[in-house]
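**Q** In the numbering used here, the protein residues as written are -11 to 170.
Just dropping this structure here.
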């Protein structure tokens, strides 16, 4: 994964995938904080990762909503980018890199909150996120995040982890650590 500025050195014939661009992931995390959090904040890395899982895997989101009887959850968007099986379920190896990047740009603040961390948008992060939210390039992602927040925004990270483990045994639980979730 590279910053967009560093991709200019790639040969023109080499295809560029959004999943390889740091700023794409950073934009998604900023939107996640605003749209799936409370007051531009998500308390806990586990909660952030599990909400991100349901944003990135609309098919799993639909299955979870059906199992829980949550209405109007139909999401047609395709998988945005892959995650891997981690100790506590779906995880993106790039989270720490992305969070450090966003913190260094002063777009987020990461604050200790008891035994976990609270990740929140700074004032400049909130301003940028407002622009991203209004961008047509992110409209499908914004729609999916609004659905995820409505369905799971009030749940704890542990509750979301347990739900994923309960519903997605073959797809997540039985995978080896580091294996890509499809």
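Where a beta carbon is used, it is the ideal one built from N, C-alpha and C, also for glycine.
For residue 112, which residues of its own chain have a beta-carbon under 7 Å away from its beta-carbon, when the five flanking residues on both sides are left out?
**A** Closer than 7 Å at the Cβ level, and outside the excluded window around residue 112, lie 94, 95.
**Q** Within 10 angstroms of its Cβ, does residue 32 collect 16 or more other Cβ (buried), or is it exposed?
**A** By the 10 Å Cβ count, residue 32 comes out buried.
**Q** Can you tell me the Cα-Cα spacing of residue 54 and residue 38, whole angstroms?
**A** So the alpha carbons of these two residues sit roughly 18 Å apart.
**Q** I'd like the span of the beta strand (DSSP E) that includes residue 203, first residue to last.
**A** Beyond the ends of the chain as shown, which are -11 and 170, falls residue 203; an answer cannot be given.
**Q** Please say whether residue 22 and residue 109 have beta carbons closer to each other than 9 Å?
**A** Against a cut-off of 9 Å, the Cβ pair of residue 22 and residue 109 comes out as a contact.
**Q** With a CB to CB cut of under 7 Å and the five nearest residues on each side skipped, what residues in its chain are close to residue 106?
**A** Around residue 106: 29, 31, 99.
**Q** Taking DSSP as the reference, what is the three-state secondary structure of residue 31?
**A** Here residue 31 sits in strand by DSSP.
**Q** By the three-class DSSP mapping on this structure, what secondary structure does residue 46 have?
**A** Looking at residue 46 - three-state DSSP - the assignment turns out to be helix.
**Q** Hey, would you say residue 137 sits closer than 9 Å to residue 24, going by beta carbons?
**A** Yes, they are a contact pair.
**Q** When DSSP labels each residue in this structure, what does residue 134 get in the three-state scheme?
**A** Three-state DSSP puts residue 134 in a helix.
**Q** Can you name the residues that DSSP bridges to residue 26?
**A** The partner list for residue 26 (beta bridge, DSSP) reads 29.
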